[in-house]
Amino acid sequence: MKILRDIRAMVLPTQVCALLPFFSGEEHEENFRLSGWGRWYGRVIAALLLVSSALLCQDVLFASLEYKLVASSLGDTEEINRTIETLFCICSYTMMVLSSVHNGSKHWSTLRDIARIDEYLEVNGFRESYSCRLLGALVAATSTSVVLVAFYYVHFLSGIGSRRQWILMLVYSLQMLYSGVFAVYLRTILKNLALRIEFLNRRLEEFTRLERSGRRNDRENWRELSNLIEVFCKFRYITENLNCVAGVGLLFYFGFSFYTVTNQSYLAFSTLTAKQSADIADTMGLSCAWVLAETVTMAVICSSCDCLASEANTTSQILARVYGKSKEFQNIIDKFLTKSIKQDVQFTAYGFFAIDNSTLFKIFSAVTTYLVILIQFKQLEDSNVEDVEV
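For the sequence shown, numbering that gives the first Met the number 0 begins at 0 and goes up steadily by one.
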């Protein structure tokens, strides 16, 4: 199956993380089945994460003072923000796995639908594929840097006990692992889908040129146009299914990323403006590592979603140019264009907001707004401390 060959570099890591179900019969679409033990593997991983996450959240929430990175340098506002960030972190990777396991059957059926369309595309000369090695290496490098820098701060600079050091590092490691694998897998499959739609759009463009030159009769033109529009409709359905599979994971990941970028930017500001003394440790390195890693991961996801949506919406523009060429084309094009005009293809975070290239700008605009609010609270807290000392 071509789709599995195209994404094979990410299949095993995604399956091990229980973000993609295990399956059998990859050689042909007719033998493609969900693996029985693979279903149980996903459920066991999801159950383990759910139970462990509940216990970790309880410990982080009710023993938050034991998780202070630097006990003497942070005020109440910063410590509350760190606690909430850790809770978001736990919820983020847990919900990624739970939603993926819950939608495992739909994920499998979506891959099967893509494989069926690939048979038609390969007959017509489609051979392209996309590899995400460079971006995958970048995401892996930035994610690893967060874990390494966090280990340095947690192990060497903090006063956290040994057991809770391991807990905190486990939480950070799982978050970076799942967010990285999730982002690179989405990048790989969405870009490969975009290549397929781009190939069909080129065929549609070629069809319009051939139609103008009059080399084909109306019946052949109508049959080919019908086949192309049918495939385009299937791709819209596949895109909606993929969005449904990944929607919950995207919602929780972007929620965590937004909060983390805001909080770590605020902590960096607090570090810069803090009065320097011997007992104050500089957490700037950890803040920069978090912001860089989350920015890279969000950019990878946003650009992937935007690429597929843009290519899919280009189809309507091409068909609109074909519409006036012949009255026989208008009935079949009408149905497709009516749906396309009412609802553009777009990826959303479970319907809460659209994910495209503008999402990253909107997030950083919101981050700036909340930073101003947090800085004002910080200044108010500092002024109250100074009044008490006087």
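A virtual CB, placed ideally from N, CA and C, is assigned to each residue, including glycine. Quick caveat: nothing in here was measured; it's all calculated off a predicted structure.
Within 10 angstroms of the Cβ of D343, are there 16 or more other Cβ atoms? Answer buried if so, exposed if not. exposed
Would you call the stretch 91–104 and the stretch 229–239 touching, i.e. three or more CB-CB distances under 8 Å? no
For T187 and D5, what's the separation of their Cα atoms in angstroms? 8 Å
Hey, could you find the ends of the alpha helix (DSSP H) I6 is sitting in? Note, I6: premise wrong, no alpha helix (DSSP H); not H, not E.
Restricting to runs no shorter than 4 residues, where is the alpha helix (DSSP H) found entirely within the stretch 116–188? Counting only runs of 4+ residues, the alpha helix (DSSP H) found wholly inside the stretch 116–188 occupies 132–151, in chain order.
Name the residue from S161, Q375, S98, R32 whose alpha carbon lies nearest to the alpha carbon of R42. S98
8 Å contact criterion, which E65 and I159 should meet: CB distance rounded: About 7 Å; that satisfies the 8 Å criterion.
CA nearest to the CA of C296, picked from L185, W39, G124: Note that residue 296 is Thr in the sequence shown, not Cys. Closest by alpha carbon: L185.
Any idea if F360 is buried or exposed, counting beta-carbon neighbours within 10 angstroms, 16 or more meaning buried? exposed
If you draw a straight line from the C-alpha of F31 to the C-alpha of M0, how long is it? 9 Å
Using a threshold of 7 Å, is the CB atom of A193 nearer than that to any non-hydrogen atom of the ligand SAH? By its list of ligands, the structure shown contains no ligand whatsoever, and the ligand SAH lies outside what it can speak to.
Check the Cβ-Cβ distances between T187 and every residue of chain C, and say whether any is below 8 Å. The structure shown contains no chain C, having only a single protein chain.
Please go through the same chain and pick out, in chain order, the residues whose beta-carbon is closer than 6 Å to the beta-carbon of F21, but skip the five residues on each side of it. Q14, S34, G37
Pick from I374, S108, G179, F198: whose alpha carbon is nearest that of T313? F198
Mapping DSSP to helix, strand and coil, what is S34? Under the three-state reduction of DSSP output, S34 falls in the coil class, being neither helix nor strand.
Considering only their Cβ atoms, is the gap separating Q164 from V146 smaller than 8 Å? no
Helix, strand or coil for F22? Go by DSSP, reduced to three states. Shown here, F22 sits in a strand according to DSSP, grouped into three states.
Would you say F255 and A365 are within 8 Å of each other, going by their C-beta atoms? Not closer than 8 Å, so no.
Measuring only the C-alpha atoms, how far is G135 from Y171? 19 Å
Taking the alpha-carbon positions, what's the L110 to A62 distance? When rounded, the distance between both Cα atoms is 44 Å.
Would a C-beta distance cut-off of 8 Å place L227 and L307 closer than the cut-off? Their beta carbons are not under 8 Å apart, which means L227 does not touch L307 by this criterion.
DSSP on T282, reduced to helix/strand/coil? coil
By Cβ distance below 7 Å, which residues in the same chain neighbour T282 in space, the five residues on each side in sequence not counted? L68, V69, Y152, L266, T270
Look up I354 in the DSSP assignment and give the residues it is bridged to. F346
When you compare the CB positions of I354 and L203, do they come within less than 8 Å of one another, or not? No; because the gap between Cβ atoms is not below 8 Å, this pair is not in contact.
Determine the burial state of Q378: buried for a count of at least 16 other Cβ atoms within 10 Å of its Cβ, exposed for fewer. Q378 comes out exposed.
If you run the structure through DSSP and keep just helix, strand and coil, what is K67? Coil.
Should F376 be labelled buried (16 or more other beta-carbon atoms within 10 Å of its own) or exposed? Under this definition F376 is an exposed residue.
Does H106 pass the burial test, meaning 16 or more other C-beta atoms within 10 Å, or should it be called exposed? So H106 ends up on the buried side.
Exposed or buried, F231, counting other C-beta atoms within 10 Å across all chains shown (16 or more means buried)? By the neighbour-count definition (other C-beta atoms within 10 Å, threshold 16), F231 is a buried residue.
Between the alpha carbons of S157 and K190, how many angstroms are there, rounded? 42 Å
Contact defined as beta carbons within less than 8 Å: I believe P12 pairs with V180. What is the distance between those atoms, to the nearest angstrom? 5 Å
Is the beta carbon of A292 sitting closer than 8 Å to the one on S144? yes
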